[in-house]
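Presented below is the structure to which this report refers.
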Amino acid sequence: MDEWVVLVLAMIAVIVVVVSVVLLRGRRIANEDPSETPDVIEYMTMMIGVVYAIVLGLAIAGVWEARNSAQATVQAEAQALHEIQERVQAFAPAARDQVRADVDTYVRYVVHKEWPGMLDDGQLTDKGKELLDKVRTDITSYEPRNDRETQSYQPLLDQAGAADAARNARALSAGDTMPGVVWFGLIGGALVAVGLIYTLQIRRSPRELLLAGLYSALIAFLLFLIWDFDSPFGHDVGDATDALTNLFAV
28 MDEWVVLVLA MIAVIVVVVS VVLLRGRRIA NEDPSETPDV IEYMTMMIGV VYAIVLGLAI
88 AGVWEARNSA QATVQAEAQA LHEIQERVQA FAPAARDQVR ADVDTYVRYV VHKEWPGMLD
148 DGQLTDKGKE LLDKVRTDIT SYEPRNDRET QSYQPLLDQA GAADAARNAR ALSAGDTMPG
208 VVWFGLIGGA LVAVGLIYTL QIRRSPRELL LAGLYSALIA FLLFLIWDFD SPFGHDVGDA
268 TDALTNLFAV
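Take any residue in the sequence shown, count from 1 to its spot, add 27: that is its number in my numbering.
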């Protein structure tokens, strides 16, 4: 099921639950006066809401920064590999074709084999490392024959090193951004924040029910947003591999 469909269903479910509780609770406290709510409760409710809003903002900023960093890492890796394929033009045909073939093999393996496993368990494979090392070996084992090849040799080594560094950075960013204890706080805070609706003796008027529903749906949406960005490379292979697929025919 598409994650956006799940989000819509979750938001609808939250609204239904909150409004239903308000309606059922309204029958029991129909004779109570909302103006009798102590000032200290209103103050504490406001402060808890502010604190939780700050926590949500920090969480969103953290996962957003991690997602952008991961995207930049993939772009750097793809660009370095692309530069290798272009700069190796100066080499002899046999060496040039070997390097390009090994780069294509590495990219195809990363996109079709390594990436799904990376999304599942946050780990890169030894096979991918071996394929990238093969590209570097192709370059280092080549003997430049003239000045033109000599001038291209060192930049190719630099790009191979840049691709390896980007791969290592991708390995460090492969796991989820938010620790489990943070998720516990976010979900627990959401339950508290929604539960505070009832401390102020909300009534069954259409205006109050609408605001309660929208407030609950907003919290559900923000939690979904954090969950979606919590995986720096997305939840599907196509979420972050555009940098590779746009430069290579995989």
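Glycine included, every Cβ here is placed at the ideal spot set by N, Cα and C.
Residue range 142 to 148 is occupied by the alpha helix (DSSP H) that includes residue 145. Bounds of the alpha helix (DSSP H) holding residue 195 are 174 to 199.
Per DSSP, the continuous alpha helix (DSSP H) segment holding residue 249 begins and ends at 233 to 257. For residue 262, the secondary structure class from DSSP, reduced to helix, strand or coil, is coil. Linking residue 72 to residue 239 through their CA atoms gives a straight-line distance of about 14 Å. Here DSSP, grouped into helix, strand and coil, assigns residue 168 to coil.
Taking 9 Å as the cut-off, the Cβ atoms of residue 87 and residue 251 do not count as close. Residue 138 is positioned such that its CB atom lies closer than 9 Å to that of residue 272.
Nearest C-alpha to residue 106 among 209, 265, 254 and 187: 187. Between the alpha carbons of residue 262 and residue 174 lies a gap of roughly 47 Å.
If you draw a straight line from the Cα of residue 82 to the Cα of residue 123, it is about 53 Å long. In the DSSP assignment, residue 214 falls within the alpha helix (DSSP H) that extends over 207 to 222.
Distances from the alpha-carbon of residue 224 to those of 76, 36, 258 and 40 put 76 closest.
Sixteen is the threshold: since fewer than 16 other Cβ atoms of the shown chains lie within 10 Å of the Cβ of residue 92, the residue is exposed. Under the three-state reduction of DSSP output, residue 270 falls in the helix class. Judged by their CB atoms, residue 197 and residue 156 are not nearer to each other than the 9 Å cut-off.
Rounded to whole angstroms, the Cβ separation of residue 177 and residue 158 is 27 Å, and the two are not in contact under 8 Å.
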